Each structure stands twice: as structure tokens, then as C-alpha cells.
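Here the structure comes first, spelled out in C-alpha cells, and everything after it is commentary.
Numbering (full-length UniProt numbering), first residue to last: 1 to 918.
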């Protein structure tokens, strides 16, 4: 346009109009447009018109060489507009008269500690596609974002930071001072996760964002603990727990992995300079009391022999039937060790006789309860054996016990030997399992006897099984139903105490009665309450004393992070208050998450939700597979194959990838391995692919396959970016004027079939069938056949035919954009806005493609055009076979026939009879 004699370019964007003269220096560096394109030598100007949201702009009509090579250009601006318009809030969407259904779900809250990985990206791609699809169908959609405080992970990160930056440990601070440091770190880093979710295009309602340490959520956690204590589902008991020496905290059973060792293996363990030997079976013999002979036992943990209380054999083992009921004497403790029988003993393992140390082994602990055996702890919380006044580290004790059995008394000068030494028979390499935590601490779990808070799970687990059996809860894919039942049928009580500072401090208080000199803990001395004042009133009523006469000391431990996460579906809606959100959106419609969280999170949500609200937290559970690298390996920082989704979206150089490895916490050897793997897999870095291409690629895989993980390749994402480019070019072609041919019915038929496949795919949550159908229609049917025919036949058409053709093409493209919108929100929004001025029914109201109705099957006649497709296929085959190009033949070669795909197609099409069935 011309303003005061000067040509002005108006850069169009929602709610943001920018005026830049073409000769101005800014014209070439406007960041919202590709630098290679924003140049007056590469563009011309078209007519100015108005968008539906009243932003006047001048569209740039690019030259034929323009491609969708800059995803950032499209994806940088649409999300703020969506958010400003409130498109993601359920209040914006009033359900139609036809469909008044609610669709609600929560995002699996990522840890506040770090950044999103490709597993998160897959979750977002699937959930956002479903949310956008339902929103376009007229559902009232609520998708709630959130972050988990991640007790262990966050505390560990902050502790490492303080040690690195201030050379201080957690113990150098008071609890309050340390928590202030954690909150300060959270304020600095906590918003990174939300920024990444927006970058991925997640259509979340940010006005309802939820953090598990927010005051409202903390109130829900306290309420849940108090109610479950009152009902007897939470209790305090001394029991065997999984103690992580590196974390200095207990962890639950399902947080422990069993690492299989093929035999003798040396492992690095925190706190030890030398590697520790595992996988060695030691056999020694206890003398039988009052009889000749001895009983040989085998163990991979000889250091625990000092806590032995019995020897167990199988009742049917003929080797030991004469010894039933007899005893052996312990040479160091002088205890008599009864020889008991139990069918749990494996007759084929070792000597068939096992020593029982109930204070340091879960199986032995259960046997001790079954046979009423005493328990003698050997190890303190500092993981020192009570073998000397100073204590000895657990794996150092192993060496010393073996040494003393060989005759080396000097190691334990303070240890009295009541009998001759035990006979040490032999040691052999033995395949075994080593308990390690899920964290990358490299620690080895130590079973310890400790007083903790536990959740009784058996009855709640039975209700969860019953819900699936009776069809109230649907698990998709259905083969996970068996896994669900097996695990819940054998569930043990859940230890929820964690010896941390960051988290929800347990709202339980130890009561000290007036004039009571008893400092021993007993179960009756504990009370709980929603506040200290309430706990004091409860204690006063319980013990019949004045509230002011009591001394209450709150338990310093915090609750397991998974306990608070298990409340997420209803706590995010304001529970325990009966809010409008809770009334309207609970239970959630569904839950979608990775199959690795079936026990950690999903089962616990079902149990806690059913118990605390009287309803299942959701009606469906959809599990997706895990994302692996292109070689099928699990992604690991130490392997160098972890891919940041933002690096795929924006591109990254090899140098920057390697810088990230160097900035991490890997040891030097792991860093070298990781960097070498990066040089091999990404020699030129990762090219910019864009969010839409990444989302479309992730949804193209079969995410619900049985025992099938997703092996993602960046080349697959790059291929989807090329598909985005094809979409871009198609819309540019559509904005022109094109003729109609008789295959218009066929393309409408293809569109009908595509809509039908998309409907089935979304309804069955098989998004890979949706992406396949859309990719095939746009690339093959629309571009390869229909558009090619239009280009070569337009010269034969009348103006009236041209208008009809334009309408058919607009219908196909606009419908396809609506079909693709849940999967590719950014590019489809950009192309939709470019297409709207050509709409047969233009509107002046704000219009977004995400606000349009999702296409449904309609009455379209299906013409039979297999010959058309075959012609195109053969033509391309011929062009490849004869190495033909788009260049014109030499003018002297009059006999030369220039065969091209479109040329052959057009020629054959002209040869068809006017009313040919094909």
C-alpha cells in the first residue's frame, strides 16, 4: 500500500500489526519472517484485506521457490493469541445442543526439577490431539496442567547446587533455611516446564495450573492423610523398609529395581573408594548343638550372619529330615539357632539350607513373623555394622566376616567368640539380583528395620481390581488388564515416610504426657490433625488431660511424592472443598500416560480416589509405549542418546549437544561414551523440524502395541517436516484459481474416506491410523493426482468451471486442515488464516481453526478412479527409469517426447471416454 507517497509493508499477526517500509533496514531482519524471504528482491505485494479478527495486513505473495523451511516463523506467534483469546478454557466452549458432554483429563505432572524429554513430548502430542479433537466436536474440554514437587529429585538437585556453588551441605542449614533455598530454586527454574509445554502446543487451561506444593494442594494432602488415619488405612509400625544410603531415606518397594548380575561382579558404590564385589555365593557351616556334625548354609551376604536367628530347610528335603527341631549355636553371639522347616525354601539353591536374618532381608522378615522368631538389627541408619564401638561400613564388614571365619581375629578385638570358628567351605560365582533404586545414585538398597507410616493397600487394591472386572474402569490396551490384576493381587502395604526436608511434612505428632519420663515410642503416643491445634485437641481427648499440658512434636519426615501425586485428579479441582470444578469435571473422563507409571501412579490414583471421593478418578486409562532411540535402546544420558524435544523443534548443532553433556553430572568415562555416541548419530547436529512435524511423527507410531516401544528416528521427524512443506505449497496453490475436472467426485470420495478413518482412529485412540490416513490423502490423493490434473487441464476450462473447481479445492483443503488441527496446531492455524479470506462464507468474528467443528462423514458420491492413480504411478516410474527431468528438451530434438508424470497423466486422461466408468 502507499502512505504519503511511500510504499508500506504491513506484517500481519494476530493482535500485533507492524508497519515497516520496504527500504527500511528492519525490513530484512524482521524475526517473525524468514530472513531469506523477507527481502524486497524476493517478494511482491498483493491486495490488502482484513482478517476475521480485524487485523489489517498485506499478504506477501512469495516466488515459486518459497518453501516451508522456517517452522519457527509459523510457530512463534499463534500460541500467545490462542491463550489471549481463551480458546483452551472450558468456559469459552459452550456445549452445543447436540453434544453437551464433558471431556476432562489431567497431564501427568512432570517433575519441577528438569526439562521435558521425548517421553513427555509423546504424552503431550497424544493428549493434546485428543483434547483438541473433543473441543472441535463440541465437548466442554478441561485439560489441567501441573508440576510435581518431586521430593527426592528436587532435594538432590538443590543439595548438589549448594555444594557446587557454596561448598555447603544440607546439614549446614536449618530446615527452614534449606527450604528457602529450594523455593528460591523453584522460582528460578519452575516455569521452564510450562514454557516447554507451550512450545509443544499443549492446549492446557493455564488459569488452573497446579503445583503439588501449592497451599490448596497441600491442604488436600493433609486432609487425605487425616481421613485415612481415622479410618485405619494409614498406620505406624516397625517394619522392614528399603533404605537408600545415598539418599538417606526409605523408598517404597516399587521404587527398587532388581539389577541382574550374571555372577561375580564389581560395582561402584557411593562412599567406597574401591569397587565392591557382588554375585559371590559364600558357603559356611554352623555346628549342631549337642550333636556331631554341622549344617552348611550358603549366602551372598555373609556380613549379615551376625544377625542370624534360625536356619530354614524345606520340609520335604530328605537331607535334613533328621535335623528338624534341632539347634545350632552361633559362635559369636552364643545364640541358639533353631532349625525350622518352611516350604518357601528352595531345595536346589546352594546347600538347600538358608540362614535367616530377619532384620536385613524381606523374605527372612516374613519367615520370622510366621515362625515367631526374634529380630536383631545389625546396622544403624548411618549404615555401620555394630561390630566395634566405632562401627564398620556394611561392605567392609563383609570382608572382615570372611576374614574372621578364616582365622583372622585381629579385625574384631572386641568381639567375643563363644565357640570355635565356623567352618568356611567355599565361595563360588553365583547369578543374583542386586537391589538398586530407580534414581541414578548408583546406590545399593539396604533392608532396615524402622518405624514408619504405612498405607494398608489390600482392600483398596481389591476394589481397583473389581472396578476393572465389572467394566467401570477400562484399561486400554486391554492386555494391561492382566498386569493390573496380578500386581494388585500381590500388593504389600505402602511405606509413605521419607526422611527428607522438601515435601509435605507428615501431619502427625508425637505426644509427650505431663510428668512422663518415658521416652520410648509407642503407637498410642501419636495423634494427627489438619493443624497442630486440632491434633492437640485430639490428644487431650485421647489421654484425658488439658490441651495446654501436652507437648506435641511433629514427625520430621515427609510424605512420599507419589502419595500427593495420587490425589492429583481431584485435588487439582479444589478437593476437599466442593468446588464447581469438582462437581462439573470429576471424575475425569480419562487418563493418558506412559505404561511405566501403571503402578507408581495409576493404581495409586485409583485406590486413593475411590477411597477418598467414593468414585473412580477416571473412566478410562490409556497407556502408551516408551520412546527409545532409533537403535531400540532405552534413552539414557550416559549413552548420549537422550534427545531434548526443543532441540528437534528448533534444531541444534553438534557442538551444543556436546556442551550439554559436559554441563551434566555424568562421570568422565560416561561423558566420553555419550559424546562419541552423539558424534556418530548426529554428526551435523539435529536440523530444525518444528513442533508440528515432531508431534505428527510421534503420533504416527503405534503407541499402544503390546511389548512394542517406539524407536524414534530424527529422520522420521524430518520426513514429517517435508510433509508440512507439501501442505504449505498446496495451500499456496489453492489460493489461486483452478478448473474443475470430472475427478472432483473422486477427490471428495477420498476425503470422505479420510474423515471416516480419522473418526475411527480417534474413537479407538489409534492416532497412528489418523496420521496415516491424513498423510496418504494430502500427499497422494490431493497432491499427486488431483492437483496435477488441475494444472494440466485448466487451459481447457470455462470461467464457470474455474469457479466450481476453486470451491471443490477449497472444500478439500479447509476440511483437511480441520482434520489435521489436533495433530499440527501451529501450521494448520497459519494456513487456515491464509485461507479464510477466500472462504465462500467469510466471517468478521474471531476465528481459529481449533474453534471449528471437527469434520464428520457426509454424503459424498464415490467415483471409481483406480486408473487415475495407476497412471500417476506408472508415469513416475517411467520418468525415473529414463532419467527425465523438468527441463525442456533441445529445440532441435523434434522427435524427442518429454515424458513427465503430469504429462503422461494428462495425455491418458484425455484419451478416456467422456462417460468411462473409470
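A virtual CB, placed ideally from N, CA and C, is assigned to each residue, including glycine. If you're wondering where the values come from, they're calculated on a predicted model, not measured in any experiment.
What whole-angstrom Cβ distance do residue i and residue j have, given they're in contact under 8 Å?
i           : j           : result
residue 339 : residue 326 : 5 Å
residue 143 : residue 205 : 6 Å
residue 264 : residue 280 : 5 Å
residue 602 : residue 621 : 6 Å
residue 599 : residue 254 : 5 Å
residue 827 : residue 158 : Incorrect: roughly 40 Å between the Cβ atoms, too far for contact.
residue 677 : residue 632 : Not a contact, Cβ separation roughly 14 Å.
residue 252 : residue 457 : No, residue 252 and residue 457 are not in contact; Cβ-Cβ is about 11 Å, not under 8 Å.
residue 848 : residue 498 : That belief does not hold up - the Cβ atoms of residue 848 and residue 498 are roughly 45 Å apart, past 8 Å.
residue 731 : residue 831 : 5 Å
residue 618 : residue 595 : Not really, about 16 Å apart at Cβ, beyond 8 Å.
residue 267 : residue 278 : 6 Å
residue 683 : residue 118 : With 8 Å as the limit, residue 683 and residue 118 do not qualify as a contact, their Cβ atoms being about 20 Å apart.
residue 395 : residue 241 : Contact doesn't hold; Cβ gap of about 20 Å is too wide.
residue 227 : residue 289 : At roughly 53 Å, the Cβ-Cβ gap does not stay under 8 Å, so residue 227 and residue 289 are not in contact.
residue 630 : residue 700 : Their Cβ separation, rounded to whole angstroms, is 14 Å, which puts residue 630 and residue 700 out of contact at 8 Å.
Return the CA-CA distance between residue i and residue j, expressed in angstroms with no decimal places.
i           : j           : result
residue 659 : residue 475 : 42 Å
residue 26  : residue 652 : No answer about residue 26 holds up, because its pLDDT of 34 lies below 50 and its placement is not dependable.
residue 134 : residue 767 : 14 Å
residue 256 : residue 317 : 33 Å
residue 315 : residue 709 : 45 Å
residue 489 : residue 163 : 44 Å
residue 927 : residue 472 : Since the first and last residues shown for the chain are 1 and 918, residue 927 lies out of range.
residue 305 : residue 693 : 60 Å
residue 492 : residue 362 : 12 Å
residue 719 : residue 104 : 33 Å
residue 529 : residue 176 : 22 Å
residue 299 : residue 331 : 17 Å
residue 84  : residue 91  : 14 Å
residue 919 : residue 258 : Limits of the chain in this structure are 1 at one end and 918 at the other, which puts residue 919 out of reach.
Kindly identify the DSSP beta-bridge partner or partners of residue i.
i           : result
residue 92  : Bridge partners of residue 92: none, in fact.
residue 592 : 622
residue 921 : For the chain, the structure presents residues 1 to 918; residue 921 sits outside this window and is missing.
residue 526 : 510
residue 235 : 454
residue 294 : 287
residue 243 : 250, 446
residue 230 : Beta-bridge pairing links residue 230 to no other residue.
residue 106 : 144
residue 607 : BP columns for residue 607 are empty, so no partner.
Do residue i and residue j have their CB atoms nearer than 8 Å?
i           : j           : result
residue 373 : residue 349 : no
residue 511 : residue 448 : no
residue 500 : residue 114 : no
residue 220 : residue 526 : no
residue 545 : residue 234 : no
residue 224 : residue 612 : yes
residue 809 : residue 734 : yes
residue 685 : residue 657 : yes
residue 375 : residue 359 : yes
residue 654 : residue 679 : yes
residue 855 : residue 755 : yes
residue 648 : residue 606 : no
residue 923 : residue 102 : Past the edges of the chain, shown from 1 to 918, lies residue 923, and the structure says nothing about it.
residue 110 : residue 193 : yes
residue 924 : residue 541 : The structure shown does not extend to residue 924, since the chain is modelled only from 1 to 918, so the question has no answer here.
residue 790 : residue 814 : no
residue 239 : residue 452 : yes
residue 212 : residue 297 : no
residue 149 : residue 562 : no
residue 434 : residue 616 : no
Verify the contact flag: residue i, CB atom, against every heavy atom of the ligand HEM, threshold strictly below 7 Å.
i           : result
residue 274 : As far as ligands go, the structure on display features none, and thus does not contain the ligand HEM.
At least one CB of chain D closer than 8 Å to the CB of residue i: is that the case?
i           : result
residue 783 : Among the chains of the structure shown, chain D does not appear; only one protein chain is present.
Length at least 3, wholly inside the region 439-520: the beta strand (DSSP E) runs in chain order: 446-455, 474-476, 508-512
Within the region 136-173, ranges of the alpha helix (DSSP H) (whole runs, at least 4 residues): 151-166
In chain order, which continuous runs of the alpha helix (DSSP H) of length 4 or greater are located wholly inside the region 317-394? 362-370
Starting from the N-terminal side, write out each stretch of the alpha helix (DSSP H) that is 4 residues or longer and does not extend beyond the region 610-664. 645-650, 654-663
Report the start-end ranges of each alpha helix (DSSP H) in the region 684-712 that is 4 residues or longer and not cut off at the edges. 691-700
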